[in-house]
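Taking it in order: structure first as structure tokens, then the write-up.
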Amino acid sequence: MPEPSSVRVDSWAWAVRLFKTRSAASDACKAGHLKVNGERAKPSQSVKVGDEVRAFVAGSEKIYIARRLIVKRVGAAVAADCFEDRTPPPPPATEAPTDVTRERGAGRPTKRDRRLIEQLRGH
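Numbered according to my numbering, the sequence shown spans residues 1107 to 1229.
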């Protein structure tokens, strides 16, 4: 089966498993969450080999380069060969101070207690 020269962006995003359904991929395009080569993509915009596809999924931006064009949804191992993931690694998680709680019925904190609590919170 010959490989097509271009594919709809919503169909490609669904086929390589960026979205669970094609309608979800189409909705993401309409909402502006998919960009092809830096431009907002309509669902019918074509993707070619070598195009950069940016997807805003689950609150983070993911960057993909199209390596192979497919129209039908395939297995995860085959789909992984169809794109190159250029997403930068997430920043290291910083340690958040634990939340300071007072015992119930302990009353209002004194000025000294409040200063100790603020010091523990890092303020």
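Built from N, CA and C at the ideal position, the CB exists for glycine as well.
Just so you know, these numbers come straight off a predicted model, no measurement behind them.
Any non-hydrogen atom of the ligand COA closer than 7 Å to residue i Cβ
i: Ala1119; result: Ligands displayed in this structure: none; no statement on the ligand COA is therefore possible.
Between the CA atoms of residue j and residue i - distance to the nearest angstrom
i: Ser1111; j: Arg1227; result: 57 Å
i: Leu1175; j: Val1115; result: 10 Å
i: Lys1217; j: Arg1160; result: 51 Å
i: Thr1127; j: Trp1120; result: 6 Å
i: Phe1125; j: Pro1197; result: 24 Å
i: Arg1192; j: Glu1158; result: 9 Å
i: Arg1221; j: Ser1166; result: 37 Å
i: Arg1173; j: Glu1109; result: 12 Å
i: Arg1146; j: Ile1171; result: 16 Å
i: Val1155; j: Ser1132; result: 20 Å
i: Ala1185; j: Ala1212; result: 59 Å
i: Glu1190; j: Val1177; result: 17 Å
Strand pairing of residue i, partner residues [DSSP]
i: Lys1168; result: Ala1161
i: Val1142; result: Glu1145, Val1159
i: Phe1189; result: Ala1172
Given residue i as reference, the closest of the options once Cα atoms are compared
i: Val1113; options: Pro1195, Arg1179, Lys1168, Thr1200; result: Arg1179
i: Pro1195; options: Lys1168, Gln1225, Gln1151, Gly1156; result: Lys1168
i: Pro1149; options: Val1155, Gly1181, Ala1137, Ala1186; result: Ala1137
i: Val1163; options: Ala1130, Asp1187, Glu1190; result: Ala1130
i: Val1206; options: Thr1200, Asp1187, Asp1219; result: Asp1219
Coarse secondary structure for residue i, derived from DSSP in three states
i: Val1113; result: strand
i: Asp1133; result: helix
i: Val1153; result: strand
i: Glu1201; result: coil
Same chain only: Cβ atoms within 6 Å of residue i, ignoring 5 sequence neighbours per side
i: Ser1134; result: For the record, residue 1134 in the displayed sequence is Ala; it is not Ser. Excluding sequence neighbours, Ala1134 sits near Leu1140.
i: Trp1118; result: Val1153
Contact set for residue i: own chain, Cβ-Cβ below 7 Å, skip 5 residues either direction
i: Pro1215; result: Arg1208, Ile1223
i: Thr1200; result: none
Close Cβ partners of residue i (< 8 Å) along its chain, the five nearest in sequence each way excluded
i: Ala1182; result: Arg1123
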